[in-house]
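Enquirer: The numbers in this note's numbering rise by one with no breaks, and the one at position 145 of the sequence shown is 153.
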Amino acid sequence: MKFGIMTSKIDEIGYITHAENLGYTHCWVTDSPMLRSNCWAVLALAATATRDMRLGTGVSVPGIRQAPVTANGIATINRLAPGRCFLSLGTGNTAARTLGQRPMRLKDFERYIRVVKSLLQGEEVEYTNQAGVHKIQFQMLEHSFIDLQNSIPI
9 MKFGIMTSKI DEIGYITHAE NLGYTHCWVT DSPMLRSNCW AVLALAATAT
59 RDMRLGTGVS VPGIRQAPVT ANGIATINRL APGRCFLSLG TGNTAARTLG
109 QRPMRLKDFE RYIRVVKSLL QGEEVEYTNQ AGVHKIQFQM LEHSFIDLQN
159 SIPI
């Protein structure tokens, strides 16, 4: 049986490492920008402080950042903790509403997941934003800014 923890504070890295030492296998970090610490900052610190624990968002909210930004965020954490990352996504209720937004519609959510998943697989993908439709993919992979070699489950 595997056990995990959830956290949301930048100064709870000791809590995360203590949980890992007790045998906990997973850590989810919440993504609620107006309520809690930045999830990517917490994940980066946790990645450098842990050895084996799997780390990821619990859950990341698509409506508050563009799909390529989310893909870049988790791929950057994967560079610090190769093969130990996962990405949980949700339509966003609390986080979106604290920013004055509505949760993402399922059709848009499905499109968002497709873009993130394709980018994390190193593929070129059609991405639509306010400027139109563009083919995009990660650049300069040879410089190891991010890690796409170790898969990131979504």
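Just so you know, even glycine gets a beta-carbon here, dropped at the ideal spot from N, CA and C.
All values derive from a computational prediction rather than experimental measurement.
How far does the alpha helix (DSSP H) with residue 25 in it extend, from its first residue to its last?
Expert: 21 to 29
Enquirer: Count the other CB atoms within 10 Å of the CB of residue 30; is the residue buried (16 or more) or exposed (fewer)?
Expert: Per the 10 Å Cβ criterion, exposed.
Enquirer: Please state whether the Cβ-Cβ distance between residue 62 and residue 34 is less than 8 Å.
Expert: yes
Enquirer: Answer with buried or exposed for residue 28, where buried requires no fewer than 16 other C-beta atoms within 10 angstroms of its C-beta.
Expert: With 16 or more Cβ atoms within 10 Å of its Cβ, residue 28 is classed as buried.
Enquirer: For residue 67 and residue 98, which I take to be in contact (beta-carbon distance under 8 Å), what is that distance rounded to the nearest angstrom?
Expert: 4 Å
Enquirer: Smallest Cα separation from residue 85: which of 55, 103 and 71?
Expert: Nearest of 55, 103 and 71 to residue 85, Cα basis: 55.
Enquirer: For my contact list, residue 75 and residue 120 are in at a C-beta cut-off of 8 Å; report their separation, rounded to the angstrom.
Expert: 5 Å
Enquirer: Give me whichever residues DSSP pairs with residue 68 in a beta bridge.
Expert: 97
Enquirer: Out of curiosity, what's the CA-to-CA distance linking residue 26 and residue 69?
Expert: 27 Å
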